[in-house]
Amino acid sequence: MPLRPLDDAVLPPRTFQQWRLTELIQSINARRFSRMLLSVAGIGFSGALLAENPPESQSPSNATVPVEFIDWVERNAANEQQYRFSNDHCVGQYFPPVSTAQTSDISSAPIEATADRSEVLDGNIYSLTGNVEANQGNQSINADQIRINQATGQADIQGNVTFREPRFRVYGDSGEVNNLNNTAEFNDVNILLYETQIRSDAKRFKRHGDDSIHLNQAVITTCPPGTTPSWSIQAESIDIREENLWGVARNPVFKFKGVPVFYLPFMTFPTSNDRLSGFLFPAVSFSDNGGLDVSLPYYFNLAPNYDLILSPRHINDRGSILESQLRHLSKRFESELNLAFLDDDPGVDNRDTDSLVDAGVIEEGEDNPFINRDRWLIGLYQDGGASAGHNTRWFSSIDFTRVSDQNYFRDLNNTAIEVSSETHLRRNGTLGYRFDNWTTTISATSYQTLVFDIVEPYQELPKINVDGSYQFDNWLLDAQHEFVSFEHSDEFDFRDRNLIIGDRSRIEYDLQWQNQEVWGFFTPGVHLKHLAFELDDANLSDGVETSQDYTTLQGSLDTGLYFEREGSLFGNNYLQTFEPRLFYFYSDFTDQSDLLRITDDNQSVDFDTADLSFDYNQLFRTTRFTGGDRLDDDHRLSVGLTTRFVNDASGQEVFRASIGQIYYFEDRRVFLTSVNEEITPSSEIAGEFSAALSNSFTWNADLIYDEEEQEVGEGRTNFRYTDDHRLINVGFNFRRRADRIDDFGRNVETHTRQSDISMILPVTDNVNIILRNLHDFTFDRELDSFGGLEYNSCCYKARFVWRRWLDSDLAEVIDEEDLDFKRGFFFDIQFKGLGSGQGKFHKLLSEAIPGFSSREQRNN
C-alpha cells in the first residue's frame, strides 16, 4: 500500500547550537568540542539513495540493531497511524522515520551534521568521528566516521553506514560518495524500498551520476526479517532506475522455500505501487470442460493514459487462445476493448454427455455443437463526457459485446458465475446532451441471444428521448417524450410465431405539489399519458389498424406522517419512529384491446413490456408494467406502515420494518395478452425488513404473503457478518409457482427454493477456509459449490478452490432436472512486491461471495 506521512509522530527539537563552516574552523582552532553540529552550504550529499528522514531519537542506533530490523516496526508496537497502514497478515512493516526537513530541495538545503569528535586535516579535509549524523533536506546519512575532501567533493564513509531518502534506505559497511559527479559506492549492503517492502542484500552497491542504481550478487524478497524467506530472487545483478519505477534482474533464480523453481535470463519487478509493464501472476485451473487451463497475462504500461493486457492462454483439450484487454483514458472518454480468439476448437470429450448420447437422450453432435469452428469474442465499452465523470453537458456510452456462438461463455469462461445464466448480450450506443431543464438522448440497442429456446428481444433502432423538469417553489413539472422504432432480426420466433414490428411514441406529463414538513409529507399529482403506434402490416391479420393511439388522465396523492419517541434497548438509547403512509392512485380505463391478438396466430403488441414483480415499493408506483406498451387502468389505495430504530448517539439506523397492502376499488382490465378482468379486492401483503446491529452484522428480508391462500408467495432473506478476519453470507429465497406436468403425466414441482451460503473463516492468522454452497431444494441438488483454502502473509498469497457446478450447456435439449455437473480445480498465487492483478479467479470469488471485493481492498 502507498505509505503516507505519519503526522502524529514528531521528533523532539534539537538543543545544540548550529555553526557555519568558517565559524566551525575557528572554533576548532580555539577549543575542542566533544559534540558539534555542522551547517555546510557548500558540500552536498545528493542522489537517489540519500534517505528521507533522520532516525527517531528514541530508536536504537544502527550499531545495536540487526541490519534487517532497521526501520522495522512490529504490528503490536505500532502507533495509530502505522497500525492503520499496516497489513493484517504481517507481523510488522517497514516505516520511514518522520521527516523534520524544512525543504525537500537538496540543491538549496544546507548540510547539518553532528559528531562526537571533529577535526580539520590538511586544510581541505574535514573528519567527523563517532555517531555521525548528516542531513541535507529530506536525505540523511549515519555512520561511525566521515572524511570530507572539500576540494574533490569526495567523502569516505566507514562503519554502520545508513543512507535514507523518501523511497529507499541503504545500509553498508563502508563506502564513498562524490558530490561533484553525484556517485556513490558501498560494500556489503542491505537495501529497503519502503513502498513495496522489498529488501535486498547485495555484495556491492553503486549509484551512477544519472541516479541509476546497480547491485552485484543481490538477493531480494518481501518476507519479514528474522526468518528464512518463503520466496526470494537471487540475481547476478540488479539495475534500478528511479524514474522508471522498476528494477531489472539479470540471470535471476526464483526460489520458493529455499528450493530453486525457475531460471530466467532477466526479469523485472516494481519498485513502487505504480503501474508498470511486466508479467502478472498466472491463472491455473483444471476442469472436465477442457482439462488443464493456464493463462499467463502480460501487462503493458504503454502510456499514462492507456495500457494493454495480453493473455496467452492454453486449454489442454481445446488449444491456445489469445485474449487481450486495451484500456484508454482521454480528456473526454474512458474506453475498453476486449478481444479473444481460439482457432478451430476441436471440442472436448465428456463422459457425462457421452452417456446421454448412448442413452438416446441427446443426439450425437449436440454435446459439441461448435466443434471444429473458430471461437471469438469482441467487446467494446466506452463512457464519454458526463458519463465518464467529466463536467460536461454532453454524455455518451457504448456497450458492445459479441461472441462467435451461444456456448462461448459456458465453454471458455469456466470461472464466471454470471455469464452461465445470461440469456442475451446487449449491444447499445447512447449519445445525449443536458440543457438547464431538458435532456435529449438518442440510442440504438440490439441483442445477441445465448440460448436457443427464448425469444430475442426487439432491437431499438433508434430510441429518442426528450425529457424536461421544472421546479416552481413546491411545484414540480416533469415532461417525458419517447420515440422508439422496434425492429427484429427474424420474421418469426423460435416457435414460428409471427413477430410484430413497428414504431411507438409515448408522452408523459407529471405535475406534483411537494409539501415536505417535519411532521410528514403531502404530495398530490396529476399525470397525463399518451401512447401511439405505427405498426408494420407485414405480419398483421387483415383489418387490423396499423395506426393506433391512446390517452389517459391519472391522479395520485402520496401522504404520510412521522411519529417519534425515545426509548432504550439492550442498554442503548434509541429513537423509534412510526411512519404511516397512504398512496391513492386513479387511472381511467382506456380500451386497448386493439393491441391484442392481431396476428393470425393471436400475437399481441409487446415490444418491451412485462408485469412488474410485486414488492413493497410497488405499493407506491403509478404503473404495474415495465416498458411502455400499455396505459394502466387503476383505482386503488395503498397503505404502508414503517418503523425504524435509530441509535441516538451515532444516528445509525439499527432496525427497519415496513409492511403494506393495496386495496382496489375497481377491477383491472388492461393486460398484456388478454382482456380478462382481475377481480381481487386487495393485493398480497408485502413486507420489507433490515437490521444493522453493529458495523459487522447486517440482515435484510423481503416477504410477499398471499392472504387469500394463506401462504407465503415469495420471500428472500440475507444475513451478512464481516470483520477484519471473517466474512459470512447466508441467504435463502423462495418463490411459489404452478406445478407442471412431465412427459409421463406426473406433477413436477417448480417452486424456487434455494439457499446460498458462503464464508471465509480464519483457521490460523494466515490461513483461511473458503466455502460456498448454492443449493436447490426443489430438485435437492447443489447448483454451484466450492471449497478451498487461502494463505496470506507478508511474502505471498495463495488460493486454491475445488468447484462443482451445474452444466447448463444442454439446458435447451434436456429437462432441467436431468442436467449434470461440471467439476474444476482453480489455483492462484501472488508474490508480494512483484506486482499484482485481478484475474478470472478473483472474478469467480467476487461473483460468488458478496463482500469479497471489499475484503480484498481492506486486506491489500
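Residues in the sequence shown are numbered from 14 upward in steps of one, following our numbering. Note that CB positions come from ideal geometry on N, CA and C, so glycine has one too. Because the structure is a prediction, the values reported are computed rather than measured.
Is the CB-CB distance between residue i and residue j below 7 Å?
i    : j    : result
V743 : A705 : no
Y804 : V780 : yes
V307 : H327 : yes
Y107 : D84  : yes
E701 : D719 : no
F838 : F422 : no
Q461 : L438 : yes
S153 : R180 : no
L570 : P537 : yes
H341 : S333 : no
F485 : G515 : no
R254 : S225 : yes
T572 : F535 : yes
L282 : W244 : Per the sequence shown, residue 282 should be read as Phe rather than Leu. In this structure, W244 does not lie closer than 7 Å to F282 by Cβ.
L463 : Q419 : yes
L654 : P593 : yes
DSSP on residue i, reduced to helix/strand/coil?
i    : result
A662 : coil
F82  : helix
A91  : coil
E558 : coil
K853 : helix
N731 : strand
Y471 : coil
A551 : helix
L289 : coil
Q171 : strand
R220 : strand
R510 : coil
F838 : strand
Y207 : coil
N630 : helix
Q870 : helix
E178 : coil
S859 : helix
S498 : strand
D601 : coil
A399 : helix
L582 : strand
S606 : helix
CB-CB under 8 Å to residue i, same chain, minus the five flanking residues each way: which ones, in chain order?
i    : result
W407 : G397, G398, A399, L444, G445, Y446 and R447
S866 : S859
F638 : T622, A623, D624, L625, D645 and L685
F279 : V261, A262, R263, N264 and P265
N385 : D357, D358, P359 and G360
Could you say which of the options lies nearest to residue i if we only look at CA atoms?
i    : options                   : result
D604 : N731, T565 and R750       : T565
Y184 : Y734, Q171 and P593       : Q171
I717 : D571, R729 and F710       : R729
D223 : S348, T234, W244 and D252 : D252
M772 : E721, V531 and F732       : F732
D790 : F745, R415 and D778       : It should be noted that the sequence gives Phe, not Asp, for residue 790. The residue with the shortest Cα to Cα distance from F790 is F745.
G864 : L740, E795, F813 and R836 : L740
E81  : L205, V272 and L352       : L205
S695 : L609, V652, D503 and F413 : V652
W389 : Y563, T765, L352 and N137 : L352
Under 8 Å by Cβ, that's how I've got residue i and residue j pegged, so tell me the actual separation to the nearest angstrom.
i    : j    : result
D841 : F294 : 7 Å
L474 : A492 : Their Cβ separation, rounded to whole angstroms, is 25 Å, which puts L474 and A492 out of contact at 8 Å.
F499 : R517 : 7 Å
R649 : F598 : 6 Å
L321 : S337 : 7 Å
E815 : D797 : What sits at residue 815 in the sequence shown is Trp, not Glu. Actually they are not in contact, since the Cβ atoms of W815 and D797 sit about 12 Å apart, beyond 8 Å.
D769 : L784 : 12 Å between Cβ atoms; not a contact.
I159 : V145 : 5 Å
Residues in the same chain with beta-carbon distance under 7 Å from residue i, minus the five sequence neighbours each way, listed in chain order, please.
i    : result
T612 : N511, I513, N552, L553 and S554
N450 : G481, S482 and Y483
D550 : T559
T635 : H540, Q567, S569 and F598
Q167 : E189 and N191
H403 : R345
Whose C-beta lies closer than 6 Å to the C-beta of residue i among residues of the same chain, with five residues either side of it excluded?
i    : result
F267 : I246, V274 and F275
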